[in-house]
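The sequence shown begins at 600 in this note's numbering and counts up by one.
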Amino acid sequence: MPALNEEDALPAILASIPDLVHRVVVADNDSTDRTADVARAAGAEVVYEAERGYGAACLAGIRHLQHEGDPPDVLVFMDADGSDDPADLESLLEPIRSDGADLVLGVRRGEGGDVGTILPHARLGNRVVLGLTRLLYREAFEDLPPFRAIRFESLRALEMDDRNWGWTLQMQIRAARRGLRIVEVEVAHRRRVEGVSKISGSLSMSLRVGAKMFWTLARERLRTER
C-alpha cells in the first residue's frame, strides 16, 4: 500500500482489512505527516522510500516482502486514500484462489462506489492510453486500476522497474506479453477520505501522468521489438 501523506485515511482502511490478508505493508513515500506512525499503530508493517513515485513505493514494499519473513503467495496493491474498498478484496482474490488467474485487475465501476470519483480529464486520458494499448499490443483492458492482485512469483518474473506513474501500465503490458492469465473484476471506487487525488486532482498533474504513460507504452514496445 503506497502512501504519501495519508494519516487521515489510513486508520479506517487498515481497520477494514479482512482476516484473509496475512500481512499489510505500508510504503511511506517520504510523507511529511504522521503516515508511518499511524500505520504502525494500526498494526501494519512500514517501509520507507525517500524517492517519491508510485512505482518506487511499490518496489520498496516488494523488496521488504522478499527479505523480511516468508514471501507471500499473492500480493495485493491498493491505494491508501480510501478510494479502494477492502470489502472487495475477497472478490479480487477469488480468481487466483480458484486457480483461474495470475493477475486480477479491479475495474473501477462496481456497485457501491461513489459517482464522479474519476474526473473527466482523467477518464479521457485513461481511455486514450487503453486505446493505444489495444492498438500496439492487441490487449483490450478495461481499466488501469491501482487495486489489483497478483501471484508473487508471477510479479517477480515481470521484473518491474518503473518508478513512477507508469507502474500499472507496465505491469499489465508485461503480464500480457508473458502469457499471464489476466482477469478483470468490478470493484467499487469511492471518494478519497481527505483532499484531492495526487494524480488526477488537477489537469496539469494529469497531463504529466499522461505523458509518462505514453513514454511507458513506447519504451515497452521498443523492448518487445528487440
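By construction, the Cβ of each residue, glycine as well, lies at the ideal position given by its N, Cα and C atoms.
Keep in mind that this is a model prediction, so the values were computed, not measured.
For residue 676, the uninterrupted beta strand (DSSP E) run begins and ends at 673-676, by DSSP. For the pair residue 765 and residue 804, the CB atoms are not nearer than the 8 Å cut-off.
Here residue 687 carries a helix assignment [DSSP, helix/strand/coil].
Among the bridge pairs identified by DSSP, residue 788 is matched with 683. If you compare the alpha carbons of 652, 611, 628, 675 with that of residue 621, the shortest gap goes to 675. Around the Cβ of residue 681, a 10 Å sphere holds 16 or more other Cβ atoms; the residue is buried. Contact annotation: residue 745 and residue 677 have beta-carbon atoms nearer than 8 Å. Taken through DSSP and simplified to helix, strand or coil, residue 626 comes out as strand. Within the same chain, 627, 645 come within 6 Å of residue 635 by CB-CB distance, once the 5 residues on both sides are set aside. Looking at the DSSP output, residue 782 shares a beta bridge with 703.
Secondary structure note for residue 772: it is in no beta strand (DSSP E), and the uninterrupted alpha helix (DSSP H) holding it is 766-776.
Residue burial is scored here from C-beta neighbours: residue 630 has at least 16 other C-beta atoms within 10 angstroms and is therefore classed as buried. The way I'd put it, the segment 689-700 doesn't touch the segment 757-777; fewer than three beta-carbon pairs between them come closer than 8 Å.
If you draw a straight line from the Cα of residue 700 to the Cα of residue 605, it is about 31 Å long.
Scanning 703, 667, 698, 707 for the CA closest to the CA of residue 683 turns up 707. Residue 742 counts as buried, since at least 16 other C-beta atoms from the protein chains shown sit within 10 angstroms of its C-beta. For residue 646, DSSP records a beta bridge to 626. Note on geometry: alpha-carbon atoms of residue 602 and residue 625 lie some 7 Å from one another. With a cutoff of 8 Å on beta-carbon distance, residue 702 and residue 774 are scored as near each other. The C-alpha of residue 731 is placed about 28 Å away from the C-alpha of residue 751. Only residues of its own chain outside the window of five on either side were considered, and among them 606, 609, 610 have a CB closer than 7 Å to the CB of residue 637, listed in chain order.
Three or more beta-carbon pairs drawn from the segment 807-823 and the segment 720-728 are found closer than 8 Å, and the two stretches are therefore classed as touching.
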